[in-house]
């Protein structure tokens, strides 16, 4: 039997990049999928079709995960279709070029953007946890994986709102793990480093990507599937004794002193 056979997984931010790769891999390992995203360009439906093409089962639900009513509806739809929720992957985040163009230094920070960043990157995952956890407890097994960011391990002159919201997500991960562990609900966080997705290519120039890649301790840049592999392990029974952990998946980028020109 496949590792996740009989489990139901909700993936928020499933339309593209890491979320899409994770959803596909969860399906390959036997989970039934509930795909949630804001995407209106057909990409969420394309992800569902790709899952169905490999013999998996998936439904799509349009959701703004900062809106509590919509999040509650997402979980209700999941249970109505599949009867339970076992797995939650929080992948949605404000990473588009248009969104991050407003995220500068603190002295010039637009407060509205700060609040929006906190809503997208922190309140959203809190809401999905809030409305998924009761169903996980009822099912007798729950595993949550939040998607953090390597930016929290170092200071930066820009992206103050993004990094502050992501370090908050680290804390939320540990709080959820502490509060619900005895009820067989685990919560961990993966912290991606340089992951070469189409979205990243829209944010960074090729030269910027090359500079960052030169700081990796691996001879290659990570792919979305590298994050998906770790996530699929974390939600599986094989990781039953692992909870409350912050796990960098970054090619060693953040374990050494980076030197300009290195690589």
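In the numbering used here, the protein residues as written are -2 to 260.
Don't be surprised by glycine CBs; every beta carbon is placed ideally from N, CA and C.
Check, Outcome
"Own chain, CB closer than 6 Å to residue 5, minus 5 neighbours either side, in chain order", "29, 79, 81, 82, 83"
"Test item: CB-CB of residue 195 and residue 13 under 8 Å", "yes"
"Contacting residues, own chain, Cβ-Cβ under 6 Å from residue 241 (five flanking each side not counted)", "171, 174"
"Extent of the continuous alpha helix (DSSP H) to which residue 227 belongs", "221 to 231"
"Selection from 71, 162, 233 that minimises the alpha carbon distance to residue 2", "233"
"Neighbour-count burial assignment, residue 168, 16 or more Cβ in a 10 Å radius", "exposed"
"Spatially closest choice to residue 55 from 89, 62, 17, by CA coordinates", "17"
"Within 8 Å, strictly: CB atoms of residue 193 and residue 219", "yes"
"Reference residue 48, options 27, 149, 64, 58, closest by Cα", "27"
"Cβ separation of residue 228 and residue 86, assumed to be a contact under 8 Å, to the nearest whole Å", "6 Å"
"4-residue-minimum alpha helix (DSSP H) runs that sit fully inside the segment 156 to 204, ordered along the chain", "157 to 177, 195 to 200"
"Contacts around residue 120, its chain only, beta-carbon distance under 8 Å, and the 5 residues preceding and following it disregarded", "63"
"Segment contact flag, the segment 175 to 190 with the segment 118 to 135, C-beta cutoff 8 Å, min 3 pairs", "yes"
"The segment 198 to 209 touching the segment 144 to 159, judged by at least three CB pairs closer than 8 Å", "no"
"Straight-line Cα distance separating residue 25 from residue 44", "13 Å"
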